[in-house]
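Numbering (our numbering), first residue to last: 34 to 220.
Using N, Cα and C, we set each Cβ at its ideal position, and we do this for glycine too.
This structure is a prediction, so every number in the text was calculated from the model and none was measured.
Worksheet: one structure, shown below.
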């Protein structure tokens, strides 16, 4: 697994130990299992962005602290130049770049995401987490599955939904799709 996953896993373990929680209690509070949490903490499996989002919101820390081990510093505005977002490798089909990692006190987390075609694997992993999401397709075609509904989106299309519903994204066709995704916390 990647060095970044290992480093993020160490930070997750740090949050857990600072809060005097067992793996079982921390897992329960963040919507996972102790076995999966143990793998996240060692960086032996990829850590979903949705899990990082839930940890950050549940423990009132920024995703920046989990991703970079540093606190966001900016409070008036944040500029992230093309290709300079903090990268997050979720699965081989997804490449996330955090677009506001350096802004303190965020109430949403915007990402630029590249989704590689995965030969239309209908068993794509569904995730759910607190908050809401907004997706805007920059290019390509994607299927955003929410529960039992398949929503095919093309360039210029968008979707907004409650992310407590199980959901997944898949690139359709033979070329990667590029999107802007924003995840918000619960009101």
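- Within the same chain, Cβ atoms closer than 8 Å to the Cβ of residue 56 are found at 49, 67, 70, 71, 74, the five residues on either side in sequence being excluded.
- Scanning 76, 175, 145, 59 for the CA closest to the CA of residue 35 turns up 76.
- In this structure the segment 131-151 does not lie against the segment 191-200, because fewer than three pairs of beta carbons, one per stretch, are closer than 8 Å.
- Residue 98: member of the alpha helix (DSSP H) spanning 96-101, first to last residue.
- In the assembly as shown, residue 208 is an exposed residue. Its beta-carbon has fewer than 16 other beta-carbons within 10 Å.
- Residue 184: member of the beta strand (DSSP E) spanning 182-186, first to last residue.
- Exclusion of the five residues before and after residue 181 leaves no residue of its chain whose Cβ lies closer than 8 Å to its Cβ.
- Residue 42 is classed as buried because its beta carbon has at least 16 other beta carbons within 10 Å across all chains shown.
- Distances from the alpha-carbon of residue 62 to those of 89, 195, 79, 214 put 89 closest.
- Residue pairing from DSSP leaves residue 92 without any beta-bridge partner.
- Under the rule that a run must span 3 or more residues, the beta strand (DSSP E) segments found entirely inside the segment 128-216 read 141-148, 165-172, 174-179, 182-186, 191-195, 200-205.
- Comparing alpha carbon positions, the residue from 144, 103, 114, 104 closest to residue 128 is 144.
- For residue 66, there is no enclosing alpha helix (DSSP H), since its DSSP letter is neither H nor E.
- Annotation: residue 177 to residue 203 spans about 7 Å, alpha carbon to alpha carbon.
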